[in-house]
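Visitor: The following block contains the structure, expressed as structure tokens.
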Amino acid sequence: MTTGIVPLPASAEYRPDDTPFRLAGDTKLVASGDGAAAIAELLADRLRGGTGYDLPVVDGMEGGASDIVLVVRGASAGESTTDPAADAYTLETGADGARIEADAASGLFRGTQSLLQLLPPDASGRTPAPADGFAAVAASVDDRPRFAYRGASLDVARHFMPVDDVLSYIDAIAFLKFNVLHLHLTDDQGWRIRIDAWPQLTDLGGQTAVWHDEGGYYTKDDYRRIVEYAAARSVTVVPEIDLPGHTNAALSSVPELNCDGVATEPYHGIEVGFSSLCASPERAEVTDRFLADVLGEVAAMTPGPWLHVGGDESHATSPEDYVNLVDRITATGAATGKTVIGWHEIGASRNLPPGTIGQYWGFVGATDDAEGAPGDEAAAAAETLADTRSFVEQGGRVIFSPADVAYLDMKYVEDPQNALGQDIGLQWAKGPTTLEEAYGWEPADIVPGVGEADILGVEAPIWTETLRTMDDVEFMAFPRITGIAEIAWSPRVEGGRDEEAFVERVAGLAPYWDAAGVEFYRIRGIDWR
Ligand code: TNX
6 MTTGIVPLPA
16 SAEYRPDDTP
26 FRLAGDTKLV
36 ASGDGAAAIA
46 ELLADRLRGG
56 TGYDLPVVDG
66 MEGGASDIVL
76 VVRGASAGES
86 TTDPAADAYT
96 LETGADGARI
106 EADAASGLFR
116 GTQSLLQLLP
126 PDASGRTPAP
136 ADGFAAVAAS
146 VDDRPRFAYR
156 GASLDVARHF
166 MPVDDVLSYI
176 DAIAFLKFNV
186 LHLHLTDDQG
196 WRIRIDAWPQ
206 LTDLGGQTAV
216 WHDEGGYYTK
226 DDYRRIVEYA
236 AARSVTVVPE
246 IDLPGHTNAA
256 LSSVPELNCD
266 GVATEPYHGI
276 EVGFSSLCAS
286 PERAEVTDRF
296 LADVLGEVAA
306 MTPGPWLHVG
316 GDESHATSPE
326 DYVNLVDRIT
336 ATGAATGKTV
346 IGWHEIGASR
356 NLPPGTIGQY
366 WGFVGATDDA
376 EGAPGDEAAA
386 AAETLADTRS
396 FVEQGGRVIF
406 SPADVAYLDM
416 KYVEDPQNAL
426 GQDIGLQWAK
436 GPTTLEEAYG
446 WEPADIVPGV
456 GEADILGVEA
466 PIWTETLRTM
476 DDVEFMAFPR
486 ITGIAEIAWS
496 PRVEGGRDEE
506 AFVERVAGLA
516 PYWDAAGVEF
526 YRIRGIDWR
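As structure tokens, then:
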């Protein structure tokens, strides 16, 4: 086993001197309750790969010493990304077998990911490792998340990622108990989701990518495949259509969306903040129809409760035009029946639909900056704080993704290269980011006036300007994404978290990532297992 589960459970007791649970050739998975059999099948599938055992799934409430019992009690629990109780579970391992119980199927799934970490890495590997049994330390885990919304985002706009790559990323984040995959589907460099009413968006805007690399887009069936695969792992897909800036792929595909009626040139660079939808009344009809069609079609193929409308870095939009467009965008988003999420800048609007969620991408030290930094920087930091508080003042909540600690596309301190020897990653957010920095921050201490109850959750974004493949993405995300996973899941620690113990637990995940084929960066100075 590892030296402890990541993210750290709310409570866990390990009894290394007691008889362990032993997964063996005669192990059955015994399932009962709503959704339990499907989760048992997923777990069995994972373990068949590494053990070569049959691992039949049967109905029932009790099992023998080598069985895994999976029970959904079906007590009332809400949706996973809004109700932390939906992800609570208990896990017992020992001489009497293994048993996971939860009120909801999502909690049961989280429990299976903990069990995988108690079993040896070989057990869930991709090729059978013959052994006469796989032991999991005797343990009692009683676990529930701190925050309901625990996201990982993936930018498929700058570089397109094929469906199968997205599915592997879902498995890798689910292993760390993330329950949201936020897909950044559109940007200046590419439009990645089919919209039937505006086929030009993908026919033209889907073909480009940064550095003239190959483009691509998801058909509606592709998107549904991603959504279903994620849902089976209790991961909710949050689609983002980035508006009104970051829209060059749309503006270059649809001439009428431009104020002058002329399509822009396709863009293959990595600058941000130069494009904008047109706020002028002469374009109101076409722009509003575009918004309604795009947001309507995306909402219709998304079962989750959220719709992300972007709103970041609209530097080419005047402040008046920006608020005008944000009001129309968020109203159209809310009219689909979804709850709208936007980057913190949309807090500049005072007409946000009820419950709109802000996603903070400022720095962890924004308060210090607002007080101590020179003129422009201080004003910008103060505005970021005010925009973020605006969501709470309007009855919404906040997701924290501070760029200087949670942006996984920032370079590691060591300035690493990927497997091909290419220099990857950016460093605009206060320089490179270490594993300790990704772990050493506290969401409730960033924006005065945005406390525990105002925080919906935490998210780890990864932007792909310099990341061409899923291997690159995983290499930048792992291991630092574990820091964000633990901040999102584990209880707040007064006086600061134990970084040393954390790094030791993370080091223990290396063989699991190796077994599962997850790329990661072996940060120097860590005693990787
Ligand atoms: C900022 S912060 C962006 C993205 C870039 C990223 C690169 C925010 C919401 N937007 O457009 O890809 O920096 O790190």
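Going by this note's numbering, the residue at position 92 of the sequence shown is 97; the numbering climbs one at a time, nothing skipped.
Beta carbons are placed, not taken as given, at the ideal position from N, Cα and C, and that holds for glycine.
Based on the DSSP secondary-structure assignment, which residues constitute the bridge partners of Q364?
Guide: Paired residues: W348, I404.
Visitor: Can you tell me whether S285 is buried or exposed, with buried defined as 16 or more other CB within 10 angstroms of its CB?
Guide: Label assigned to S285: exposed.
Visitor: For A387 versus A375, is the C-beta spacing smaller than 7 Å?
Guide: Contact flag set, yes.
Visitor: Below 8 Å on the Cβ atoms is my contact criterion, and I expect A157 with E464 to pass it. Report the Cβ-Cβ distance as a whole number of Å.
Guide: 7 Å between Cβ atoms; contact.
Visitor: To which residues of the same chain is S111 closer than 6 Å at the C-beta, ignoring the five residues directly before and after it?
Guide: So the qualifying residues of the chain are S85, A91, D92, S239.
Visitor: State whether the segment 238-252 contacts the segment 292-304, with contact taken as three or more CB pairs (one from each stretch) at a distance under 8 Å.
Guide: With a cut-off of 8 Å, the segment 292-304 and the segment 238-252 count as touching, because enough Cβ pairs lie within range.
Visitor: Give me, in chain order, the residues of the same chain whose beta-carbon lies closer than 6 Å to that of D22; leave out the 5 immediate sequence neighbours on both sides.
Guide: No residues qualify anywhere along the chain.
Visitor: Alpha carbon to alpha carbon, how far is A449 from E499? Give it in angstroms, no decimals.
Guide: If I take the Cα positions, the gap works out to 12 Å.
Visitor: Buried or exposed for M481, please, with buried defined as at least 16 other CB atoms from any protein chain shown within 10 angstroms of its CB.
Guide: M481 should be labelled buried.
Visitor: Would a C-beta distance cut-off of 7 Å place G367 and T389 closer than the cut-off?
Guide: Yes; because the gap between Cβ atoms is below 7 Å, this pair is in contact.
Visitor: Check M166 in the structure and name its three-state DSSP category.
Guide: M166: coil per DSSP, three-state reduction.
Visitor: With a 10 Å radius around its C-beta and 16 neighbouring C-beta atoms as the bar for buried, classify M166 as buried or exposed.
Guide: Flag for M166 reads buried.
Visitor: Taking 6 Å as the cut-off, is the CB of L48 close to at least one heavy atom of ligand 1?
Guide: Answer for L48: no, Cβ out of range of ligand 1.
Visitor: Indicate whether at least one CB of chain C lies closer than 7 Å to the CB of D101.
Guide: This model lacks chain C altogether; it includes just one protein chain.
Visitor: Determine the direct distance from the alpha carbon of V345 to that of G338, and round the result to whole angstroms.
Guide: Roughly 6 Å between the two C-alpha positions.
Visitor: Can you tell me whether H189 is buried or exposed? The criterion is at least 16 other CB atoms within 10 Å of its CB, across all chains shown.
Guide: Result: buried.
Visitor: Once the 5 residues before and after C283 are set aside, which same chain residues still bring their CB inside 8 Å of it?
Guide: Closer than 8 Å at Cβ, skipping near neighbours: L262, N263, C264, T292.
Visitor: Enumerate in chain order the residues of its own chain whose CB-to-CB distance from W518 is below 7 Å, with the five nearest sequence positions on each side excluded.
Guide: Hits under 7 Å: F483, F525.
Visitor: Tell me which same chain residues have a C-beta within less than 8 Å of the C-beta of R527, skipping the five on either side of it?
Guide: Closer than 8 Å at the Cβ level, and outside the excluded window around R527, lie A515, W533.
Visitor: Hey, how far is the Cα of V277 from the Cα of D414?
Guide: Whole-angstrom Cα-Cα distance: 15 Å.
Visitor: Answer yes or no: do T335 and L357 have a C-beta to C-beta separation smaller than 7 Å?
Guide: Yes, the pair counts as a contact, with Cβ atoms nearer than the cut-off.
Visitor: Quick one: measure Cβ to Cβ for S280 and A321, integer angstroms, because I've assumed they're closer than 8 Å.
Guide: 6 Å between Cβ atoms; contact.
Visitor: Does any heavy atom of ligand 1 sit closer than 6 Å to the C-beta of V277?
Guide: For ligand 1, at least one heavy atom lies less than 6 Å from the Cβ of V277.
Visitor: Take G210 and list the residues in its own chain whose beta-carbon comes closer than 7 Å to its own, dropping the five residues that flank it on each side.
Guide: Around G210: G195, W196, A254, A255, S257, S258.
Visitor: Would you say V62 and A49 are within 7 Å of each other, going by their C-beta atoms?
Guide: For V62 and A49, yes; Cβs fall inside 7 Å.
Visitor: Using 10 angstroms around the beta-carbon of D270, count the other beta-carbons present and answer buried if the total reaches 16, otherwise exposed.
Guide: Strictly speaking, residue 270 in this sequence is Glu, with Asp absent from that position. That one is exposed.
Visitor: To the nearest angstrom, how far is it from the Cα of G83 to the Cα of G360?
Guide: Computed Cα separation, rounded: 17 Å.
Visitor: Of the residues I467, S354, F26, which one's Cα is nearest the Cα of P125?
Guide: Nearest option by C-alpha distance: F26.
Visitor: To which residues of the same chain is T117 closer than 7 Å at the C-beta, ignoring the five residues directly before and after it?
Guide: Here the set comprises I44, L48, I105.
Visitor: Let's test the definition: count the other Cβ atoms within 10 Å of the Cβ of M475 and tell me whether it reaches 16, buried, or not, exposed.
Guide: Buried: at least 16 other Cβ atoms inside 10 Å.
Visitor: Taking just the CA atoms, how far does T87 sit from A153?
Guide: Near 5 Å, if we compare the C-alpha coordinates of T87 and A153.
Visitor: What would DSSP say about V63, mapped onto helix, strand or coil?
Guide: Correct three-state label for V63: strand.
Visitor: At 4 residues or longer, and completely inside the segment 291-360: list those alpha helix (DSSP H) runs for me, N to C.
Guide: Listed in chain order, the complete alpha helix (DSSP H) runs (minimum 4 residues) inside the segment 291-360 are 324-340.
Visitor: Would you give the residue range spanned by the beta strand (DSSP E) that Y19 belongs to?
Guide: 16-20 is the span of the beta strand (DSSP E), which, as asked, contains Y19.
Visitor: When you compare the CB positions of A235 and T191, do they come within less than 7 Å of one another, or not?
Guide: No.
Visitor: To which residues of the same chain is T341 closer than 7 Å at the C-beta, ignoring the five residues directly before and after it?
Guide: Excluding positions up to five away in sequence, the list reads L300, G301, A304, L312.
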